[in-house]
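S.K.: If you scroll down you'll find the structure; I have some questions about it.
Residue numbers (the numbering used here): 287 to 466.
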């Protein structure tokens, strides 16, 4: 896809979203969660992200700069970096509840991961993430050592197609008692 010069500057500057009004051309339609690529005026790779055709935030930027594959290694590296940034919280005896992944701040726009003792809660704020849950849930479970992973759906996400998922659904491990 091609975008306005201003949008390209913003993407290269680290902005995590591409709005529909900034897109000047798209080579073909995609489904929510498809990987979309932004090219500059010279047809060079500029960014890759998650396509969200039903949202004004049409693309959530995962990476800008040089081309990179978005695969299990990519997801693992992003999760590991986010968790490492919050290692002091994990090691502190002062709390067992904290945010592990801050979505846009950790290069995973629209995805939040919270830790509540041995339970990890993943919340998605874009239907684009449904296509990647099968890959990401086991990585989150392994990276956190959680006894269970619970999926939460943002309000707007819950209103649309949920692809067999439900808000509060346990997607990994077991949850024998309420968290609290």
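Ideal Cβ positions, reconstructed from N, Cα and C, are used throughout, including at glycine. Remember, predicted model here, so these are calculated numbers, not experimental data.
Starting from the C-beta of residue 260, find all residues in its chain whose C-beta is less than 6 Å away, skip the five residues before and the five after it, and write them out in chain order.
M.R.: The displayed coordinates of the chain run from 287 to 466. Any statement about residue 260 would go beyond what the structure contains.
S.K.: Just confirm the distance between the C-beta atoms of residue 335 and residue 346, as a whole number of angstroms; I'd bet it's less than 8 Å.
M.R.: Within the chain shown, residue 335 is the residue found at index 49, counting from 1. Within the chain shown, residue 346 is the residue found at index 60, counting from 1. Rounded, the Cβ-Cβ distance is 5 Å, consistent with contact.
S.K.: Pick helix, strand or coil for residue 400, following the three-state DSSP scheme.
M.R.: By 1-based counting over the chain shown, the position of residue 400 is 114. Residue state, collapsed to three classes: strand.
S.K.: Give every residue of the same chain whose Cβ lies closer than 8 Å to the Cβ of residue 427, excluding the five residues on either side of it in the sequence, and list them in chain order.
M.R.: The count along the chain shown starts at 1 and reaches residue 427 at position 141. Taken in chain order, the residues that qualify are 406, 435, 458, 459.
S.K.: Can you tell me which of the three DSSP states residue 459 falls into?
M.R.: The residue labelled residue 459 in the question sits at position 173 within the chain shown. Strand, per DSSP.
S.K.: Counting C-beta neighbours from all protein chains within 10 Å, is the total for residue 308 16 or more, i.e. buried, or is it exposed?
M.R.: As a position in the chain shown, residue 308 is number 22, starting the count at 1. Buried is the call here.
S.K.: Would you grab the beta carbon distance between residue 322 and residue 337 for me? Rounded to a whole angstrom, and I think it's under 8 Å.
M.R.: The residue labelled residue 322 in the question sits at position 36 within the chain shown. The residue labelled residue 337 in the question sits at position 51 within the chain shown. Confirmed, Cβ separation roughly 4 Å.
S.K.: From this set, 395, 298, 445, which residue's C-alpha is nearest residue 352's C-alpha?
M.R.: Here residue 352 refers to the residue found at position 66 when the chain shown is read from its first residue. Answer by Cα proximity: 298.
S.K.: Find the nearest neighbour of residue 463 within the set 444, 443, 433, judged by alpha-carbon distance.
M.R.: As a position in the chain shown, residue 463 is number 177, starting the count at 1. Nearest option by C-alpha distance: 433.
S.K.: Scan the stretch 363-447 and note each continuous beta strand (DSSP E) run of 3 residues or more that stays entirely inside, going in chain order.
M.R.: For the stretch 363-447, whole beta strand (DSSP E) runs of length 3 or above, ordered along the chain, are 383-388, 397-402, 405-410, 434-439.
S.K.: Given a cut-off of 8 Å, decide if residue 411 and residue 393 are closer than it, judged by their beta-carbon atoms.
M.R.: As a working note, residue 393 is residue 107 in the chain shown. As a working note, residue 411 is residue 125 in the chain shown. In this structure, residue 411 does not lie closer than 8 Å to residue 393 by Cβ.
S.K.: In or out: residue 389 buried (at least 16 other Cβ within 10 Å) or exposed?
M.R.: Locating residue 389 in the chain shown gives position 103, counting from the first residue. The residue is buried, with at least 16 neighbouring Cβ atoms inside 10 Å.
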